[in-house]
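Reading through the structure tokens given below for one structure.
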Amino acid sequence: MTRFYRRTLYTNKLLLLLITGNSPFAEQPPPRNGQSPRHPSSDQSVKVWDKSESGDWHCTASWKTHSGSVWRVTWAHPEFGQVLASCSFDRTAAVWEEIVGESNDKLRGQSHWVKRTTLVDSRTSVTDVKFAPKHMGLMLATCSADGIVRIYEAPDVMNLSQWSLQHEISCKLSCSCISWNPSSSRAHSPMIAVGSDDSSPNAMAKVQIFEYNENTRKYAKAETLMTVTDPVHDIAFAPNLGRSFHILAIATKDVRIFTLKPVRKELTSSGGPTKFEIHIVAQFDHHNSQVWRVSWNITGTVLASSGDDGCVRLWKANYMDNWKCTGILKGNGSPVNGSSQQGNSNPSLGSNIPSLQNSLNGSSAGRYFFPPLDSPRAGSRWSSYAQLLPPPPPPLVEHSCDADTANLQYPHPRRRYLSRPLNPLPENEGV
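With the numbering used here applied, the sequence shown closes on residue 481, and no number is skipped along the way.
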């Protein structure tokens, strides 16, 4: 049996959330066609699944974690051991650690999960819980329906029963989800994004971004995404591998992807939070329903989203930074044929070469694509963009070569990229 200690890849995370039945529906739709209504984790339990060498998934642990519905579970970085956190409608969050029995032969090799602490500061339902990036230490953020984000820290990573409340951030809106910025660059201060599903008429912008200020040692609001006014169900920063800007995905009635580019320091107020140039780079309604979860792969290049249509969709940008659906998976994990052509994207945010994008049938999501060496046949998939390619250089023509000068003769004037003969050095130089 192979135990996956790194459970941060988007595929494993989605499987964990789906299998445990952690559904985030706060307002249940009425049953349709005699179907039963959906219930969010009514068994109040968490299940852990491991993958065997044969590729099958097996439930290796299942236990009751809370006295109310469980909304979210999240893994700590494996550097801190096998640790997970859960949050619930019962107004608490809990930290759990896996213990492998070594006391006697009967328990040796067997594992079980132990509750290390219960966080009880919230007075309302705790709607999300996320561990901070590992370079920040063992820290945990929670958000609640009362509009408060709380950040805890374990001062001793060997003693998970001791957690101290470090920060309380007031968002003034009911919070539904949070996401840490995983960037470890010293140029980027710790940052956390908060989404809201507040349906009150006075609630407008549903996404706020807070940044840690080294001078005040507090989190201050850096930006508000004014264009996001629909209830937000999930939010996720993309892992940053050397980018100078940040990418943020949002799950609402559709999938939206934003870029946040820091404004130059001299243009921001001294000592204040960083300001960003915010642009929406993609918006997709392919799910044709509410989108509940978004999650990035480990490199921040592929986004997975899941919605009420019962499918997981994968999104990737091509070399022109045009985002496209590259695959659709059903609930059982099987792909949907022709998945990249289904659904309608926002036309204002789509590819600026739509005929080329459609002709590639999904291959445009790769970083590069290579045309065939021969001329494209009429009616082939390559013929539709043949006119977009630069003309080939004229072929070389064979001429006689003078052995004394060794200068090749070309059928066209000499260009910059052609090599030039070397001139001999003066007698007094080059020694």
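Don't be surprised by glycine CBs; every beta carbon is placed ideally from N, CA and C.
Classified as buried, residue 356 has 16 or more neighbouring CB atoms from the shown chains inside 10 Å of its CB. Relative to residue 205, the option among 186, 339 and 322 whose CA is nearest is 186. The alpha-carbon of residue 134 is positioned some 19 Å away from that of residue 344. Residue 363 and residue 267 have their C-alpha atoms roughly 39 Å apart. Counting other Cβ atoms within 10 Å of its Cβ, residue 189 reaches 16 or more and is therefore classed as buried. It is roughly 22 Å from the alpha-carbon of residue 269 to the alpha-carbon of residue 248. In this model, residue 298 and residue 286 are separated by some 6 Å (Cα to Cα).
The closest CA to that of residue 251, considering only 281, 235 and 230, is found on 281. Its Cα nearest to that of residue 93, the residue 116 stands out among 108, 174, 100 and 116. Looking from the CA of residue 163, the closest CA among 170, 150 and 195 belongs to 150.
By the C-beta criterion, the segment 204-218 is judged not to be in contact with the segment 233-245, since fewer than 3 inter-stretch pairs fall below 8 Å. If you draw a straight line from the Cα of residue 143 to the Cα of residue 137, it is about 4 Å long. Judged by pairs of C-beta atoms under 8 Å, the segment 99-113 does not touch the segment 121-129, as fewer than three such pairs exist.
Annotation: the continuous beta strand (DSSP E) that includes residue 305 extends over 305-312. Judged by DSSP secondary structure, residue 264 falls outside any beta strand (DSSP E); it is assigned neither H nor E. Residue 385 sits exposed, since fewer than 16 C-beta atoms from the chains shown fall within 10 Å of its C-beta.
Distance check between residue 330 and each of 176, 365, 113 and 278 places 278 closest, using alpha-carbon atoms only. By the neighbour-count definition (other C-beta atoms within 10 Å, threshold 16), residue 273 is a buried residue. In this model, residue 372 and residue 332 are separated by some 8 Å (Cα to Cα).
Sixteen is the threshold: when 16 or more other Cβ atoms of the shown chains lie within 10 Å of the Cβ of residue 231, as they do, the residue is buried. Taking each of 336, 99, 199 and 259 in turn and checking the Cα distance to residue 379, the smallest one comes out for 336. Relative to residue 169, the option among 179, 303 and 302 whose CA is nearest is 179. Excluding residues up to 5 positions away in sequence, 94 and 95 lie with their Cβ nearer than 7 Å to the Cβ of residue 114 in the same chain.
The three-state secondary structure of residue 186, taken from DSSP, is helix.
Using a 10 angstroms sphere on the CB of residue 237, the tally of other CB atoms stays under 16, which defines it as exposed. Here residue 220 is exposed. Its C-beta has fewer than 16 other C-beta atoms within 10 Å. In this structure residue 198 is buried. Its beta-carbon is surrounded by 16 or more other beta-carbon atoms within 10 angstroms. For residue 281, the secondary structure class from DSSP, reduced to helix, strand or coil, is coil.
Residue 174 and residue 307 have their alpha carbons spaced roughly 30 Å apart.
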